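Protein chains in written order, with my numbering: chain A, 41 to 160; chain B, 41 to 160; chain C, 41 to 160; chain D, 41 to 160.
First up is the structure itself, then whatever we jot down about it.
There are 4 protein chains.
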Amino acid sequence: MQQPGTTTTLSKEMQDCVDACMSCHSICEESMSSCLQMGGQAQMQIMRALMDCTEITRICADMMMRRSPMAAEMCRMCARACDMCAEACMGMPEDPLMMRCAESCRRCAEMCRTMAGAAA
Amino acid sequence: MQQPGTTTTLSKEMQDCVDACMSCHSICEESMSSCLQMGGQAQMQIMRALMDCTEITRICADMMMRRSPMAAEMCRMCARACDMCAEACMGMPEDPLMMRCAESCRRCAEMCRTMAGAAA
Amino acid sequence: MQQPGTTTTLSKEMQDCVDACMSCHSICEESMSSCLQMGGQAQMQIMRALMDCTEITRICADMMMRRSPMAAEMCRMCARACDMCAEACMGMPEDPLMMRCAESCRRCAEMCRTMAGAAA
Amino acid sequence: MQQPGTTTTLSKEMQDCVDACMSCHSICEESMSSCLQMGGQAQMQIMRALMDCTEITRICADMMMRRSPMAAEMCRMCARACDMCAEACMGMPEDPLMMRCAESCRRCAEMCRTMAGAAA
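This is how it looks when you write it as structure tokens:
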């Protein structure tokens with residue numbers, strides 16, 4: 041039997057990637073709330089990207105934290121969801137929240153791609 | 041139409057509660073991974089509490105972030121899930137991870153109870 | 041040790057409640073997609089109710105299926121989320137999908153209330 | 041503006057794939073509960089596969105239902121999660137629930153692969 045607690049430390053790189061996913065998830069949730077309050081057609085297009093991105097960043101962080109054998113593959117998919125969401129958010133350059141969301145998505149995409157490559 | 045980004049700032053108290061929920065969610069995911077590696081009967085009992093707690097802290101944070109009208113009610117339920125999980129983790133006092141998990145659950149329970157009361 | 045598979049059968053009532061939650065979850069997902077395509081202000085208000093309802097019906101079904109000790113409490117909360125979502129959907133009586141969604145929410149609310157009472 | 045409800049019907053193939061994902065999700069939740077009750081080392085290995093499979097089948101069904109542009113990609117990933125879970129369940133041939141779970145995973149994997157190919 042495993043010693044209690046011995047294998048629970050994530051590598052620095054993976055912990056940073058988890059943090060990036062969770063930050064991105066959080067700002068996507070806030071952005072969804074903001075889009076719903078504004079309620080225009082442009083916002084609805086962004087909502088679709090946000091809904092995918094918020095779910096996939098969340099599941100990606102969870103899979104890394106529980107050392108899923110599919111975590112690297114989910115990181116690859118998460119990077120693409122973040123790319124799409126960043127692009128959608130860039131369609132509203134006048135909205136500071138969307139700009140912060142795009143930035144968080146891009147950072148998360150980059151870290152997930154590195155993680156996917158490192159684990160492959 | 042709402043000005044872009046104007047209503048997106050959470051109160052300090054709510055942001056702290058969101059952070060406590062997300063920290064608790066993270067450590068629950070790590071604790072689940074550890075329990076699965078150890079694999080004893082005691083761990084399996086803790087797993088059930090961890091599975092509820094990790095899901096409910098996550099949905100509770102998300103509902104606060106998107107200003108759900110049911111957020112206060114979910115905070116009340118989250119506090120109970122955290123109480124049960126803390127108690128389960130206390131059954132393994134020799135495991136430092138479980139002790140950290142119990143502590144995180146207790147802190148989250150306290151903040152969720154405050155938030156539920158404040159919003160009620 | 042438990043015999044394999046011996047305790048895995050849900051009661052008829054609980055299975056029916058799980059099915060009602062999953063049906064409600066499915067139609068909420070479809071309704072969200074429809075609201076995003078239509079994109080008006082009324083739809084955005086409904087979206088908030090749909091987002092809560094789809095998540096809570098899902099987690100409620102999962103908690104019943106895995107025999108969570110908090111399943112009854114989640115059923116109570118699920119009933120309220122379904123009530124709110126049904127009311128929101130009723131705001132669009134000209135949309136057949138929203139009418140079907142409201143009906144599914146009402147049925148799920150009723151079954152969850154029964155289940156919460158039965159388990160309490 | 042879109043006519044209410046006009047675009048909400050999924051193709052027969054996609055609806056069948058959604059149903060397969062949701063069935064697989066349900067039986068994975070039941071299997072997790074059973075594994076936790078039995079609590080042996082073999083069960084713990086299966087738990088990891090079940091946890092990935094139950095989350096990915098759920099998100100895959102949701103993404104199809106809300107017409108996510110990433111649904112095909114998630115179907116591909118879901119097929120692999122189901123393959124891994126079926127293989128894990130096959131390690132307990134004496135447990136009827138695990139055998140039904142493996143069968144549900146295989147069927148879901150097949151339908152997701154078809155769906156991923158059809159949408160590509």
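Heads up, the beta-carbon is just placed ideally off N, CA and C, and yes, glycines get one too.
Treat the numbers as computed from the prediction; the structure is a model and nothing was measured.
At least one beta carbon of chain A lies nearer than 8 Å to the beta carbon of D:M110. For C:C68, the CB contacts under 6 Å within the same chain, skipping 5 residues up- and downstream, are L90, C93 and T94 in chain order. Take D:M103, set aside five residues on each side of it, and the residues of its chain with a beta-carbon closer than 6 Å to its own are A111 and M114, in chain order.
Judged by their CB atoms, B:R147 and B:A82 are not nearer to each other than the 8 Å cut-off.
Contacts between D:R88 and chain A, judged by CB atoms closer than 9 Å, involve R106, R107, S108 and P109 in chain order.
For the region 114-141 of chain A, the residues whose beta carbon sits under 8 Å from a beta carbon of chain D are, in order, M114, M117, R120, A121 and M124. Going by DSSP, A:M103 is part of the alpha helix (DSSP H) stretching over Q81 to M105. Under the Cβ criterion (8 Å, minimum of three pairs), the region 70-78 of chain D counts as touching the region 136-145 of chain D. In the three-state reduction of the DSSP assignment, B:T154 falls in the helix class, which pools H, G and I. From the beta-carbon of A:M84, the residues of chain C found nearer than 7 Å are L76 and G79. For A:L76, the enclosing alpha helix (DSSP H) stretches over residues K52 to M78. Residue state for B:S108 is assigned as coil, using DSSP reduced to three classes. B:T97 sits buried, since 16 or more C-beta atoms from the chains shown fall within 10 Å of its C-beta.
Just so you know, the alpha carbons of B:M151 and A:M62 end up roughly 20 Å apart. For the 8 Å CB-CB criterion, C:A119 and C:A142 do not form a contact. Under the three-state reduction of DSSP, A:M114 is assigned to helix. For the options A:M54, A:S144 and A:R106, the alpha carbon positioned closest to that of A:M124 is the one of A:S144. Shown here, B:P133 sits in coil according to DSSP, grouped into three states, outside any helix or strand.
Contact with chain D is found for A:E95, since one of that chain's Cβ atoms lies less than 8 Å from the residue's Cβ. Classified as exposed, A:S51 has fewer than 16 neighbouring CB atoms from the shown chains inside 10 Å of its CB. Ranked by how close their Cα comes to the Cα of C:V58, the residues C:G79, C:M84, C:I86 and C:C100 have C:C100 in first place. With respect to chain C, the C-beta atom of B:M103 has a partner C-beta closer than 8 Å. In terms of beta-carbon proximity, D:D59 stays away from the interface with chain A, with every pair separated by 8 Å or more. Closest option to A:C122, judged by alpha-carbon separation, among A:M78, A:H65, A:G80 and A:E53: A:H65. Of the residues D:M84, D:R106, D:D56 and D:P133, the one whose Cα lies closest to the Cα of A:R88 is D:R106. For B:M91, at least one C-beta of chain C is nearer than 8 Å to its own C-beta. Nearest CB-CB separation between C:I67 and chain B: not below the 8 Å threshold. Counting other Cβ atoms within 10 Å of its Cβ, A:A128 reaches 16 or more and is therefore classed as buried. Setting aside the 5 residues that flank it on each side, D:E70 is surrounded in the same chain by L137, each with a C-beta closer than 7 Å to its C-beta; the list follows chain order. Within a 10 Å sphere around the beta-carbon of A:A158 sit fewer than 16 other beta-carbons, which makes this residue exposed.
One alpha carbon belongs to B:G80, the other to B:M132, and they sit about 12 Å apart. Taking each of C:T49, C:I86 and C:E134 in turn and checking the Cα distance to C:A126, the smallest one comes out for C:I86. D:M117 and A:M117 do touch by the CB rule: their CB atoms are close to 6 Å apart, below 8 Å.
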